[in-house]
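Q: Here it is: the structure, laid out below.
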Amino acid sequence: MAAALLRRASTSSSASLLRPLSGRLFSSDETVLSIETSVPFTGHKIEPPSRMVDTTPKELLSFFSDMALMRRMEIAADSLYKAKLIRGFCHLYDGQEAVAVGMEAAITKADGIITAYRDHCTFLGRGGNLVQAFSELMGRQAGCSNGKGGSMHFYKKDASFYGGHGIVGAQVPLGCGVAFAQKYNKEGAVTFALYGDGAANQGQLFEALNISALWDLPAILVCENNHYGMGTAEWRAAKSPAYYKRGDYVPGLKVDGMDALAVKQACKFAKEYALANGPIILEMDTYRYHGHSMSDPGSTYRTRDEISGVRQERDPIERVRKLILAHDIAPASELKDIEKEVRKQVDDAIAQAKESPMPDASELFTNVYVKGYGAESFGADRKEIRATLP
Amino acid sequence: MASLQMAALLSAPSTPVPSDRVRLGALRLSASSSSTARNGGALVVRSEAKVSGGGASARGLSLITHAVAEKAAAASSADSKPGHELLLFEALREGLDEEMERDPTVCVMGEDVGHYGGSYKVTKGLATKYGDLRVLDTPIAENSFTGMGIGSAMTGLRPVVEGMNMGFLLLAYNQISNNCGMLHYTSGGQFKIPIVIRGPGGVGRQLGAEHSQRLESYFQSIPGLQMVACSTPYNAKGLMKAAIRSENPVVLFEHVLLYNLKERIPDEEYVLSLEEAEMVRPGEHVTILTYSRMRYHVMQAAKTLVNKGYDPEVIDIRSLKPFDLYTIGNSIKKTHRVLIVEECMRTGGIGASLRSAIIDNFWDYLDAPILCLSSQDVPTPYAGTLENWTVVQPEQIVAAVEQLCK
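As structure tokens, this is what we get:
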């Protein structure tokens with residue numbers, strides 16, 4: 001009976017008939033469940049990992065609540081932008097949450113992540129809190145970059161989150177540099193450099209990939225392919241939209257980016273590979289519900305039917321919800337409670353962020369240079385100090 | 001023998017001896033300075049330190065005890081002049097080597113810096129000494145390896161990125177401007193970028209337009225970046241060491257034509273200040289501000305000017321961003337006339353910014369308009385004669401000073 005349940009993980013209706021009336025089917029939160037991913041992995045010059053992913057009820061519930069939090073945060077950011085509390089550029093990640101959450105499940109805080117401007121949820125995944133995120137979006141002092149970075153510049157150094165970058169593709173050489181430092185310091189950690197299908201056509205990516213492959217760096221290049229580079233569909237921008245194959249001599253893996261478990265499996269696999277062999281490319285097949293940014297309606301280059309179709313069939317949160325219900329890990333009412341709780345958390349965080357003041361005028365000049373310039377300098381006889389700068 | 005050397009040391013304005021930078025300790029005298037008697041000018045220098053040797057010399061007086069000049073064997077076993085002589089590229093290498101030895105997080109990245117030894121031999125021998133992980137040969141991919149250098153600097157490594165020619169770093173302009181200069185600010189101070197970006201630039205000997213670029217004019221408005229230009233072996237080593245130790249991103253501009261300059265530099269370790277200008281020749285009549293190769297054209301012109309009776313004060317500004325307005329200001333307050341001699345082009349060069357900065361800060365002290373001699377706003381031609389006309393020549397400097405001091 002349990003086996004039948006496992007194989008029909010994606011359909012929820014039949015599973016409910018098999019559930020006993022009282023209590024849950026599984027008594028402990030740490031029971032290992034083996035769940036099949038929705039789609040098999042496709043490999044380029046590499047044997048893909050197994051479709052069966054090990055997970056636990058606890059992990060599935062955490063996926064659900066984390067993704068629900070991220071989704072709610074992005075929707076709230078949408079409203080704040082329309083209320084003109086967030087200005088400038090605001091790129092929302094809703095629809096792509098599975099990539100952030102699945103990746104975190106496979107790695108530690110010693111592993112580095114660097115991404116482009118669609119970074120709010122990646123920041124949360126790395127341990128950032130809502131108040132810091134909303135304050136930064138609204139340009140307040142409590143923001144993670146003291147209000148001086150904005151939507152595209154979230155960073156969290158203690159969690160090895162290297163940002164947060166506005167120029168498309170420029171973060172990939174930076175990420176390979178972080179991987180270089182990890183190899184230099186013999187840390188045994190890897191770096192995930194995320195970029196989009198639009199950035200996949202940047203030359204510097206291939207340059208960095210070449211150097212990483214030459215030097216065997218533990219760099220994992222992750223293409224979050226949401227199929228549109230702002231308004232340009234992938235088939236109009238890339239002669240070869242099989243981004244996982246674009247590394248040529250570097251192996252690649254194509255992953256269903258809307259399935260958090262598949263993402264987790266792929267990242268775990270990639271980490272083991274990269275530590276032993278050097279760079280690998282992961283292509284996450286994902287989708288964004290919003291337009292490229294808040295100034296893009298997102299419907300001029302794709303149909304509303306397409307968007308709602310993906311939402312119905314492939315939504316990452318719904319997928320995990322169905323899994324949880326199918327395995328009777330929690331009743332539907334508990335999941336609804338989680339969503340309500342998350343909504344409240346987001347509202348509270350926004351209220352708190354609104355209370356944070358704007359940065360002081362003196363903040364304009366702080367952190368341009370590292371204070372003191374770091375150098376004490378003296379003449380050749382070491383007796384005369386020419387300058388010790390404050 | 002020893003006294004002749006001493007005479008040379010004390011009187012030469014043209015060899016770039018950093019006169020008030022270094023106290024060369026007590027000058028040691030050999031008792032056998034007899035040759036001066038024959039030359040007519042008895043040069044007796046009192047020194048505070050004890051002179052090696054016995055007898056009357058112990059009282060600090062130099063006695064001419066021999067009729068014939070003796071080899072200076074009685075001098076201390078170290079050679080009679082302190083320090084060691086080397087070429088500018090060797091000085092850069094020495095600075096780099098010392099810093100790499102001192103700090104294991106310093107690494108070098110660039111094209112042909114490792115096995116080949118560097119296209120200007122600045123990194124020669126370092127790859128054999130430190131290995132392939134610390135002296136890294138990169139493919140020809142400036143944009144990405146500069147980006148990788150910056151990424152590794154974010155984690156705490158201290159890379160020294162070499163552009164084989166500064167002009168090639170234009171390909172990495174995005175990385176240098178957005179990521180290098182601005183990350184400390186946009187991350188709210190979380191990430192420091194202690195990177196050094198260095199390479200030769202400037203107009204060489206008929207290298208053509210694309211290999212004669214002066215990138216200091218393009219980089220000067222990037223916030224968060226520090227820029228310095230070296231011009232002598234002494235300041236090359238000192239600035240290299242300071243740049244590596246600095247927590248800020250520093251761009252070190254070298255010049256293609258200055259790599260073979262020879263100078264005697266101290267044996268002891270020294271680090272120079274990144275923000276200080278160098279007083280090359282103190283004077284009274286006019287302040288000439290210059291840097292890098294143009295310093296030598298200025299000093300050549302200074303010889304002519306001195307013969308004509310002028311007394312120019314020559315300052316090598318060294319720090320291109322930020323300007324050392326303290327030293328410059330003090331000089332302007334003394335002379336009231338300024339001439340800027342630079343190799344950048346007239347439009348948007350360092351001279352243009354410096355002129356602006358001086359007008360903003362020292363307008364009241366000026367007796368004459370600020371003159372700025374720069375290269376012409378043209379791509380550097382290949383033909384030798386045309387190339388010479390592109391850059392500022394000593395005759396033009398002399399004419400400019402004469403005009404200023406009228």
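If you read the sequences in order, they're chains A and B.
Residue numbering for the first sequence is 1 to 390, as defined by this note's numbering.
Residue numbering for the second sequence is 1 to 406, as defined by this note's numbering.
C-beta atoms are modelled at their ideal positions from N, C-alpha and C, and glycine is treated no differently.
What you are looking at is a predicted structure, and each value in this text was computed from that prediction instead of being measured.
What's the C-alpha gap between B/K303 and B/Q220?
A: In a straight line, the C-alpha of B/K303 is about 32 angstroms away from that of B/Q220.
Q: How is B/E387 classed by DSSP in three states: helix, strand or coil?
A: In the structure shown, B/E387 sits in a helix (DSSP, three-state: H, G or I).
Q: Three or more C-beta pairs closer than 8 angstroms, one from the region 248-265 of chain A and one from the region 185-201 of chain A: is that the case here?
A: no
Q: Got a sec, what are the start and stop residues for the beta strand (DSSP E) B/R198 sits in?
A: That run of the beta strand (DSSP E) goes V196 to G201.
Q: Do A/A219 and A/T191 come within 7 angstroms of each other at the CB atom, strictly closer than that value?
A: yes
Q: With a threshold of 7 angstroms between beta-carbons, can B/M299 be considered close to chain A, or not?
A: no
Q: Alpha carbons only, please: which of B/I358, B/A352 and B/M345 is nearest the one belonging to B/T380?
A: B/M345
Q: Does B/E247 get closer than 7 angstroms to chain A when you measure Cβ to Cβ?
A: yes
Q: If you measure beta-carbon to beta-carbon, which residues of the region 203-220 of chain B are closer than 8 angstroms to chain A?
A: Within the region 203-220 of chain B, contact with chain A at the beta-carbon level (separation under 8 angstroms) is assigned to no residue.
Q: What does B/N407 reach in chain A if we use C-beta pairs closer than 9 angstroms?
A: Here chain B has residues from 1 to 406 only, and residue 407 of chain B is not among them.
Q: Hey, could you find the ends of the alpha helix (DSSP H) A/M284 is sitting in?
A: Taken as a continuous stretch (DSSP letters only), A/M284 belongs to no alpha helix (DSSP H), being part of the beta strand (DSSP E) at I280 to D285.
Q: Using a Cβ cut-off of 7 angstroms (strictly closer), state whether B/T335 contacts chain A.
A: Taking Cβ atoms only, chain A never reaches closer than 7 angstroms to B/T335, which makes this a no.
Q: Determine the direct distance from the alpha carbon of A/I211 to that of B/D103, and round the result to whole angstroms.
A: 25 angstroms
Q: To the nearest angstrom, report how far apart A/F123 and A/I324 are at their CA atoms.
A: 26 angstroms
Q: To the nearest angstrom, how far is the alpha carbon of A/Q352 from that of A/V346?
A: 10 angstroms
Q: Could you tell me whether the Cβ of A/S135 comes closer than 7 angstroms to any Cβ of chain B?
A: no
Q: Which stretch, first to last residue, makes up the beta strand (DSSP E) that contains B/F253?
A: V250 to H255
Q: If we call anything under 7 angstroms between Cβ atoms a contact, is B/I397 one with B/V298?
A: yes
Q: Just checking: is the beta-carbon of A/P279 within a distance shorter than 7 angstroms of some beta-carbon in chain B?
A: no
Q: Is the Cβ of A/L174 closer than 7 angstroms to any Cβ of chain B?
A: yes
Q: Kindly indicate the opening and closing residues of the beta strand (DSSP E) around A/A193.
A: T191 to G196
Q: Between B/D324 and B/E276, is the Cβ-Cβ spacing less than 7 angstroms?
A: Cβ distance < 7 angstroms, so B/D324 and B/E276 count as in contact.
Q: Give the residues from the region 140-158 of chain B that approach chain A closer than 8 angstroms (Cβ to any Cβ), ordered along the chain.
A: A141, N143, S144, F145, T146, G147, M148, G149, I150, G151, S152, A153, M154, T155, G156 and L157
Q: Go to B/N307, then tell me how far its alpha helix (DSSP H) extends in each direction, as first and last residue.
A: M294 to K308
Q: Assess, as a yes-or-no matter, whether the region 159-175 of chain A is touched by the region 137-155 of chain B under the definition of 3 or more beta carbon pairs within less than 8 angstroms.
A: yes
Q: With DSSP as the reference, label B/Q206 as helix, strand or coil.
A: Here B/Q206 sits in coil by DSSP.
Q: For my contact list, B/E142 and B/R198 are in at a C-beta cut-off of 8 angstroms; report their separation, rounded to the angstrom.
A: Not a contact, Cβ separation roughly 13 angstroms.
Q: Relative to the C-alpha of B/V175, which residue among B/R295, B/L386 and B/M148 is closest?
A: Sequence check: residue 175 of chain B is Gln here, not Val. Per the Cα distances, B/M148.
Q: Along the chain, which unbroken stretches of the alpha helix (DSSP H) at least 4 residues long are found entirely within the region 332-401 of chain B?
A: 350-362 and 384-390
Q: Please list, in chain order, the chain B residues whose beta carbon lies closer than 7 angstroms to that of A/Y369.
A: G224 and N248
Q: What is the residue span of the alpha helix (DSSP H) that A/G252 lies within?
A: A/G252 -> not in any alpha helix (DSSP H); beta strand (DSSP E) instead, spanning G252 to D256.
Q: With 7 angstroms as the C-beta to C-beta threshold (strictly closer), list the residues of the region 113-140 of chain B near chain A in chain order.
A: L133, T138 and P139
Q: If we count the other Cβ atoms within 10 Å of its Cβ and call it buried at 16 or more, is B/W363 buried or exposed?
A: Exposed, by the Cβ-count rule.
Q: Decide if B/Y326 is buried, meaning its Cβ has at least 16 other Cβ atoms within 10 Å, or exposed.
A: exposed
Q: Does A/F180 come within less than 7 angstroms of chain B when only Cβ atoms are used?
A: yes
Q: Looking at B/V256: is its Cβ nearer than 7 angstroms to the Cβ of B/G202?
A: yes
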